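Trainee: Residue numbers (UniProt numbering), protein chains in the order written: chain F, 1 to 576; chain Z, 1 to 576.
2 protein chains.
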Amino acid sequence: MDRILRVNLTDLTTRSEETPAAWAGLGGRALTSTIVAKEVPPACHPLGPNNKLVFAPGLLSGTSASNSGRLSCGAKSPLTGGIKESNVGGTAAQMFARLGIKALVLEGVPQGDAWYGLRVTKDGVEIREERELVGSNNFAVLDVLEARHGKKAGVISIGTAGEMRVTAANISVRDPSGKLRSHGRGGLGAVMGSKRVKFITLEEEGAPGIQIADPEKFKAASRVFTKALMDHPVSGTGLPTYGTNVLVNILHEAGGLPTRNFTAGRFDGHDSICGETMHDTIVARGGKPRHGCHAGCVIQCSQVYNDKEGKYLTSGFEYETIWGLGANCTITDLDDIAMADSIMDDLGIDSIETAVAFGVAMEAGILPWGDGKEMLRILREEVGRGTALGRVIASGAGAVGRTYGITRVPVVKNQGIPAYDPRSVKGIGITYATTPMGADHTAGYTIATNILNVGGQVDPLRKDGQVELSRNLQIATAAIDSTGMCIFVAFPALDVPECLPALIDMINARFGAALTGDDVAELGKTVLKTERAFNMAAGMTPVHDRLPEFFRTDPVAPHNAVWDFSDEEVDAFWNF
Amino acid sequence: MDRILRVNLTDLTTRSEETPAAWAGLGGRALTSTIVAKEVPPACHPLGPNNKLVFAPGLLSGTSASNSGRLSCGAKSPLTGGIKESNVGGTAAQMFARLGIKALVLEGVPQGDAWYGLRVTKDGVEIREERELVGSNNFAVLDVLEARHGKKAGVISIGTAGEMRVTAANISVRDPSGKLRSHGRGGLGAVMGSKRVKFITLEEEGAPGIQIADPEKFKAASRVFTKALMDHPVSGTGLPTYGTNVLVNILHEAGGLPTRNFTAGRFDGHDSICGETMHDTIVARGGKPRHGCHAGCVIQCSQVYNDKEGKYLTSGFEYETIWGLGANCTITDLDDIAMADSIMDDLGIDSIETAVAFGVAMEAGILPWGDGKEMLRILREEVGRGTALGRVIASGAGAVGRTYGITRVPVVKNQGIPAYDPRSVKGIGITYATTPMGADHTAGYTIATNILNVGGQVDPLRKDGQVELSRNLQIATAAIDSTGMCIFVAFPALDVPECLPALIDMINARFGAALTGDDVAELGKTVLKTERAFNMAAGMTPVHDRLPEFFRTDPVAPHNAVWDFSDEEVDAFWNF
Numbered sequence: 001m002d003r004i005l006r007v008n009l010t011d012l013t014t015r016s017e018e019t020p021a022a023w024a025g026l027g028g029r030a031l032t033s034t035i036v037a038k039e040v041p042p043a044c045h046p047l048g049p050n051n052k053l054v055f056a057p058g059l060l061s062g063t064s065a066s067n068s069g070r071l072s073c074g075a076k077s078p079l080t081g082g083i084k085e086s087n088v089g090g091t092a093a094q095m096f097a098r099l100g101i102k103a104l105v106l107e108g109v110p111q112g113d114a115w116y117g118l119r120v121t122k123d124g125v126e127i128r129e130e131r132e133l134v135g136s137n138n139f140a141v142l143d144v145l146e147a148r149h150g151k152k153a154g155v156i157s158i159g160t161a162g163e164m165r166v167t168a169a170n171i172s173v174r175d176p177s178g179k180l181r182s183h184g185r186g187g188l189g190a191v192m193g194s195k196r197v198k199f200i201t202l203e204e205e206g207a208p209g210i211q212i213a214d215p216e217k218f219k220a221a222s223r224v225f226t227k228a229l230m231d232h233p234v235s236g237t238g239l240p241t242y243g244t245n246v247l248v249n250i251l252h253e254a255g256g257l258p259t260r261n262f263t264a265g266r267f268d269g270h271d272s273i274c275g276e277t278m279h280d281t282i283v284a285r286g287g288k289p290r291h292g293c294h295a296g297c298v299i300q301c302s303q304v305y306n307d308k309e310g311k312y313l314t315s316g317f318e319y320e321t322i323w324g325l326g327a328n329c330t331i332t333d334l335d336d337i338a339m340a341d342s343i344m345d346d347l348g349i350d351s352i353e354t355a356v357a358f359g360v361a362m363e364a365g366i367l368p369w370g371d372g373k374e375m376l377r378i379l380r381e382e383v384g385r386g387t388a389l390g391r392v393i394a395s396g397a398g399a400v401g402r403t404y405g406i407t408r409v410p411v412v413k414n415q416g417i418p419a420y421d422p423r424s425v426k427g428i429g430i431t432y433a434t435t436p437m438g439a440d441h442t443a444g445y446t447i448a449t450n451i452l453n454v455g456g457q458v459d460p461l462r463k464d465g466q467v468e469l470s471r472n473l474q475i476a477t478a479a480i481d482s483t484g485m486c487i488f489v490a491f492p493a494l495d496v497p498e499c500l501p502a503l504i505d506m507i508n509a510r511f512g513a514a515l516t517g518d519d520v521a522e523l524g525k526t527v528l529k530t531e532r533a534f535n536m537a538a539g540m541t542p543v544h545d546r547l548p549e550f551f552r553t554d555p556v557a558p559h560n561a562v563w564d565f566s567d568e569e570v571d572a573f574w575n576f
Numbered sequence: 001m002d003r004i005l006r007v008n009l010t011d012l013t014t015r016s017e018e019t020p021a022a023w024a025g026l027g028g029r030a031l032t033s034t035i036v037a038k039e040v041p042p043a044c045h046p047l048g049p050n051n052k053l054v055f056a057p058g059l060l061s062g063t064s065a066s067n068s069g070r071l072s073c074g075a076k077s078p079l080t081g082g083i084k085e086s087n088v089g090g091t092a093a094q095m096f097a098r099l100g101i102k103a104l105v106l107e108g109v110p111q112g113d114a115w116y117g118l119r120v121t122k123d124g125v126e127i128r129e130e131r132e133l134v135g136s137n138n139f140a141v142l143d144v145l146e147a148r149h150g151k152k153a154g155v156i157s158i159g160t161a162g163e164m165r166v167t168a169a170n171i172s173v174r175d176p177s178g179k180l181r182s183h184g185r186g187g188l189g190a191v192m193g194s195k196r197v198k199f200i201t202l203e204e205e206g207a208p209g210i211q212i213a214d215p216e217k218f219k220a221a222s223r224v225f226t227k228a229l230m231d232h233p234v235s236g237t238g239l240p241t242y243g244t245n246v247l248v249n250i251l252h253e254a255g256g257l258p259t260r261n262f263t264a265g266r267f268d269g270h271d272s273i274c275g276e277t278m279h280d281t282i283v284a285r286g287g288k289p290r291h292g293c294h295a296g297c298v299i300q301c302s303q304v305y306n307d308k309e310g311k312y313l314t315s316g317f318e319y320e321t322i323w324g325l326g327a328n329c330t331i332t333d334l335d336d337i338a339m340a341d342s343i344m345d346d347l348g349i350d351s352i353e354t355a356v357a358f359g360v361a362m363e364a365g366i367l368p369w370g371d372g373k374e375m376l377r378i379l380r381e382e383v384g385r386g387t388a389l390g391r392v393i394a395s396g397a398g399a400v401g402r403t404y405g406i407t408r409v410p411v412v413k414n415q416g417i418p419a420y421d422p423r424s425v426k427g428i429g430i431t432y433a434t435t436p437m438g439a440d441h442t443a444g445y446t447i448a449t450n451i452l453n454v455g456g457q458v459d460p461l462r463k464d465g466q467v468e469l470s471r472n473l474q475i476a477t478a479a480i481d482s483t484g485m486c487i488f489v490a491f492p493a494l495d496v497p498e499c500l501p502a503l504i505d506m507i508n509a510r511f512g513a514a515l516t517g518d519d520v521a522e523l524g525k526t527v528l529k530t531e532r533a534f535n536m537a538a539g540m541t542p543v544h545d546r547l548p549e550f551f552r553t554d555p556v557a558p559h560n561a562v563w564d565f566s567d568e569e570v571d572a573f574w575n576f
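(1) Report yes if the C-beta distance between G189 of chain Z and A147 of chain Z is below 8 angstroms; otherwise report no.
(2) Looking at chain Z, is there any beta carbon in it that lies within less than 8 angstroms of the beta carbon of H183 of chain F?
(3) Which chain Z residues sit within Cβ distance under 8 angstroms of S395 of chain F?
(4) Please check if any C-beta of chain Z sits within less than 8 angstroms of the C-beta of A161 of chain F.
(5) Is the shortest distance between the beta-carbon of H45 of chain F and the beta-carbons of chain B less than 8 angstroms?
(6) Going by C-alpha distance, which of F:F573, F:T387 and F:M375 is nearest P436 of chain F?
(7) Which residues in chain Z have a C-beta closer than 7 angstroms to the C-beta of L389 of chain F? List them in chain order.
(8) Grab the span of the alpha helix (DSSP H) containing H183 of chain Z for me, first residue to last.
(9) Take the Cβ of N450 of chain F as the centre, count every other Cβ of all protein chains shown within 10 Å, and call the residue buried at 16 or more, exposed below.
(10) Beta-carbon of T407 of chain Z versus every beta-carbon of chain F: anything under 8 angstroms?
(11) What's the call for V283 of chain F, buried or exposed, on a 16-neighbour Cβ count within 10 Å?
(12) Under 6 angstroms Cβ to Cβ from S272 of chain F, same chain only, skipping five residues before and after it: list those, please.
(13) Please say whether A397 of chain Z and V360 of chain Z have beta carbons closer to each other than 8 angstroms?
(14) Could you name the residues of the region 513 to 545 of chain F whose beta carbon sits closer than 7 angstroms to any beta carbon of chain Z, in the order they occur along the chain?
(15) Indicate the three-state DSSP secondary structure (helix, strand or coil) for E17 of chain F in the structure shown.
(16) Ends of the beta strand (DSSP E) at K198 of chain Z?
(17) Please classify D346 of chain Z: is it buried, with 16 or more other beta-carbons within 10 angstroms of its beta-carbon, or exposed?
(18) Using Cβ-Cβ distances below 8 angstroms, what residues of the region 140 to 174 of chain Z are close to chain F?
(19) Alpha carbon to alpha carbon, how far is V458 of chain Z from I417 of chain Z?
(20) Just verifying my parser: in three-state terms, what is the DSSP assignment at L389 of chain Z?
(21) Give me the Cα-Cα distance between A75 of chain Z and G81 of chain Z, rounded to the nearest whole angstrom.
(22) V409 of chain Z: which of F:G27, F:I504 and F:C44 sits nearest, CA to CA?
(23) Out of Z:I200, Z:T167, Z:K152 and Z:P78, state which residue places its alpha-carbon closest to the alpha-carbon of N138 of chain Z.
(24) Does the beta-carbon of P78 of chain Z have 16 or more other beta-carbons within 10 angstroms, so that it is buried, or is it exposed?
(25) Alpha carbon to alpha carbon, what distance is there between L251 of chain Z and G100 of chain F?
(26) Would you say A399 of chain F faces chain Z, with C-beta separation under 8 angstroms as the test?
(27) Comparing alpha-carbon positions, which option in F:R423, F:G524 and F:N575 lies nearest R552 of chain F?
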């Protein structure tokens, strides 16, 4: 039976507990949200001793199932003030699972000024005071920890942003190629920083590994599932070829590419930053257009993006980041954006939140529109040095808006709105408004159906069907986020009839269970309701399920679309 | 019949309307809160076109009643996100009243970059584009407007902080001596700045003046009222002699003087900053220990504080400001604090919010504890120039805490907690927690009874009776704030039996009405409930009626007191 490991930073003790029966069927987001909801007082200060930071691999993590290597991290978010789950690839989820660790829970905060590293092995977790790496950014942390523990060790770390406890700080996880991936959203790096944990290492030696209850059934289901992933045009062709950045031209065409801080829906410079251009640039410079964020990924939407000299510059270079600094800030030099992506990874700040913050900063006149070089200077010299300006930017879009008195601030629950204009892609607006996570496209990715015609067609410009679409996707996503599966398995799951049953078969084969599709949907609903109840107890109301006022009053070209849902229509999301 | 003047900044039009019958019996806070609650969409952006900024003199303003010259200003607050009323002395309330203007309502926001001045005369209000004074601070604005309109003109203005729309920005009002007083709290200056109104002037020439329905009855009641004010030891002796700063030693003695960002309840340096020292310094330097903020004030708790050379330095130099930069920031040089007071007045930022922000800034290591010179430099060179650091400080204590990841942040509803530790003076904690204004001592000043034994005795260290005390005082205050009366009339009103009936008699004599004490209490209740309903519709919940977590977990010396009310006990405040 997998165990729950607890680390109390207040008294520097650790505990290994049997998994309570009620948590046995939970993993990933279902488990982090359940633990946070049960153990964290909703009104507590997110950076104080009563918040907890919970890591949990998914139900299928550690198995050979394709794309099952996602790690969930949860806490009360210092960015939104509500519950947060953010998941990530890399090697840690699979190592936690093979080590028989169902969740790692960080509790309390140290009394003094010391920093700590945690070392997770088959024997449990050990707390060690850390001096060398305090003040270092993520790349240096990865290098030093590789030297200490070898290339195979897993690493979870924060950069200086997390040490500064700014609300765009993220948590980084080592990937199979020694680079990093991020628990990006919601400021979880600030929570880790508040607990003065600089990093967590994982070593697998002697790990019990995964027991599959019915290996034959598992293998059979796994084959069906993998085939569905590879046959679907989005997960099998589009994402592997162009990465997520395939979306720049698609959203531009749809008029849903938020441009110049959400004042237009198309960007004249789209050709300079689109997936097609990026693909050709990568190939010409000897990079890799395909790259997986974790072992077992068959989609490989990541890439290795080299600079002009053919030297490694960044990877995990996502559409939302490129949109955010590109169209949203009108920066057209993809190399500047790639360099920014690398710097943000190193500092440990969420590239979506930071990019949305830069859009508001440009509106405020802090730097000129489209000035990639000044954006890079601010990242290096202001955020990197923790100046007041750097801290404001690294506190996210809402903070920049409040500090500079700006009214066009694209946030919900104080989290920056990503990459898809909710006026012209209305389904995603319902997701932004209602997800307990704050504006988060991954919580119910209606773009699949609104724009890519996956799982049917729902006209992005009309209100009809959007609430149902977002509801169904959010329920499904909450369940998928609990399995350790990458969200992109949703594309085949929506279109290929045998995909979802195969996923459920794998879970049943892994645990000797007999879950049905209804059980899985029920799990998704329970997760959402648990998260919402936490937010309500933390002081949120349906008024927090609203898009910013300007989406209602300012029409966006080319469709002159506005956000026209009534409050009642939005609130109907929760009728399930 | 008095009229409602409206200025629409979106289309640059003005309107003069008859007062609706339902508003005829309202003035001051009752009127501003009623208009805001009726006309401002609770979820709107406070700096956007849908917020309104409402000025209203009290019911007795403009009459000869002692201490009746307070002007209320209301809006949705950009600091708290809730409804706000802040009142002020100066000459404007009396001029509005004599001009027959029941309220002035600023609506909309201009499309372009122009700034405006408003000129109020007997003929109404006129909008003029303003260029000369844009970028000027309040003292220069007062000088230039005196040159333009003469010494008798009333002035309402914002400094550069209001232009920057920072959430500690206040609104200044000219006083009879040509200095200024402030609508201090809640960032109303940012709302005025968002409407691009740099100032409002008032000229009384040809004003209709005040009609008293029953002059003899008014005179008789006024005499009784004034006598009560002058006979009471607090309003008749303590405040006139030492100003509000009489409280430093009293609160130090009581162990309720928050020190070093609320980590202790007594301040070793209290002697350097106390009212007694201040009085002697003022006298020695040829200043004035007594000075009124408006014509007709018989308390005269203000003063003229000169510098070492005997030159005017500041006035309206309040206990809460001196506490905030003194004990709270451990600055012991009263001249530094006086200079800061003058700079804050000039820039147009709330001296309470800013002082609480400096306490958090010192905790964050932005500047050393007790460093008055660096505090002055930050005010001049950072806030004054609108740097990122300056904007963060001038966004208030909550903003500093969020930007620097600090957990000891003394705010309620994001408004800084003033001058009285709620752990050791528990009644005021109930007021901080429950008032719809955000932490505001003036909303229900339990210090009167907890510490000064006015209106009875309620032990400050015990929970018994605090909720009732705060409730009764908040209801009374909401009513008093509607009359134009200074809150300090509450001292005699609590102790002298004939005081409150005399106040009601004056209102009845003024309007030919027949209000009873019950009617006045009912008015206070209605105001509070109206304000709370607005806040709830804006997204607040009872969770927003809570003190910060650290008051519950960190005991404060010398009494080792903690905040020990249950949520249910606090929420019982609203049982009326």
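Heads up, the beta-carbon is just placed ideally off N, CA and C, and yes, glycines get one too.
As the structure is a computational prediction, the values presented were derived from the model and not from experiment.
Mentor: Result, derived from the coordinates:
(1) In the second sequence, counting from the first residue as 1, residue 189 of chain Z sits at position 189. In the second sequence, counting from the first residue as 1, residue 147 of chain Z sits at position 147. With a cutoff of 8 angstroms on beta-carbon distance, G189 of chain Z and A147 of chain Z are scored as not near each other.
(2) On the first sequence, position 183 is the one that residue 183 of chain F refers to. Proximity of H183 of chain F to chain Z, defined by a Cβ-Cβ separation below 8 angstroms, is not satisfied.
(3) For the purposes of this step, residue 395 of chain F is taken as the residue at position 395 of the first sequence. Ordered by position in chain Z, the residues that pass the 8 angstroms Cβ test against S395 of chain F are R402 and T403.
(4) In the first sequence, residue 161 of chain F corresponds to position 161, counting from 1. False, the Cβ-Cβ gap to chain Z never drops below 8 angstroms.
(5) Among the protein chains of the structure shown, namely F and Z, there is no chain B.
(6) By one-based count along the first sequence, residue 436 of chain F stands at place 436. Minimum Cα-Cα distance from P436 of chain F among the listed residues F:F573, F:T387 and F:M375 corresponds to F:F573.
(7) For the purposes of this step, residue 389 of chain F is identified with residue 389 of the first sequence, where counting begins at 1. In chain order: A388.
(8) Here residue 183 of chain Z corresponds to residue number 183 of the second sequence, with the count starting at 1. Premise fails: H183 of chain Z lies in the beta strand (DSSP E), L180 to H183, not in any alpha helix (DSSP H).
(9) Residue mapping note: residue 450 of chain F aligns to position 450 of the first sequence, counting from 1. Counting of Cβ neighbours within 10 angstroms places N450 of chain F among the buried residues, the total reaching 16 or more.
(10) Residue mapping note: residue 407 of chain Z aligns to position 407 of the second sequence, counting from 1. For T407 of chain Z, the closest Cβ of chain F is nearer than 8 angstroms.
(11) Start at 1 with the first residue of the first sequence, and residue 283 of chain F comes out as number 283. Exposed: under 16 other Cβ atoms inside 10 Å.
(12) The count along the first sequence starts at 1 and reaches residue 272 of chain F at position 272. Once the five neighbours on either side are set aside, the close Cβ partners of S272 of chain F are T332.
(13) One-based indexing of the second sequence puts residue 360 of chain Z at position 360. One-based indexing of the second sequence puts residue 397 of chain Z at position 397. The beta carbons of V360 of chain Z and A397 of chain Z sit closer together than 8 angstroms.
(14) Those would be A538, G539, T541, V543 and H544, in chain order.
(15) What you label residue 17 of chain F is simply residue 17 of the first sequence in a count that begins at 1. In this structure, E17 of chain F counts as strand in the three-state DSSP scheme.
(16) Residue mapping note: residue 198 of chain Z aligns to position 198 of the second sequence, counting from 1. For K198 of chain Z, the enclosing beta strand (DSSP E) covers residues V197 to L202.
(17) Within the second sequence, numbered from 1, the residue matching residue 346 of chain Z stands at position 346. With 16 or more Cβ atoms within 10 Å of its Cβ, D346 of chain Z is classed as buried.
(18) Hits within the stretch, in order: M164, R165, V166 and T167.
(19) Stepping through the second sequence from its first residue, residue 458 of chain Z is reached at position 458. Stepping through the second sequence from its first residue, residue 417 of chain Z is reached at position 417. About 21 angstroms.
(20) Your numbering for residue 389 of chain Z matches position 389 in the second sequence. Assigned with DSSP and collapsed to three states, L389 of chain Z falls in helix.
(21) As a position in the second sequence, residue 75 of chain Z is number 75, starting the count at 1. As a position in the second sequence, residue 81 of chain Z is number 81, starting the count at 1. Approximately 10 angstroms, taken between the alpha carbons.
(22) On the second sequence, residue 409 of chain Z is found 409 positions in, with the first residue counted as 1. Between V409 of chain Z and the set F:G27, F:I504 and F:C44, the nearest pair of CA atoms involves F:C44.
(23) Along the second sequence, read from residue 1 onward, the residue named residue 138 of chain Z stands at position 138. The shortest Cα separation from N138 of chain Z among Z:I200, Z:T167, Z:K152 and Z:P78 belongs to Z:I200.
(24) To locate residue 78 of chain Z, count along the second sequence from 1; it is residue 78. Label assigned to P78 of chain Z: buried.
(25) The residue labelled residue 100 of chain F in the question sits at position 100 within the first sequence. The residue labelled residue 251 of chain Z in the question sits at position 251 within the second sequence. If I take the Cα positions, the gap works out to 58 angstroms.
(26) As a working note, residue 399 of chain F is residue 399 in the first sequence. For A399 of chain F, the answer is yes, since a Cβ of chain Z falls inside 8 angstroms of its Cβ.
(27) In the first sequence, counting from the first residue as 1, residue 552 of chain F sits at position 552. Per the C-alpha coordinates, the member of F:R423, F:G524 and F:N575 positioned closest to R552 of chain F is F:R423.
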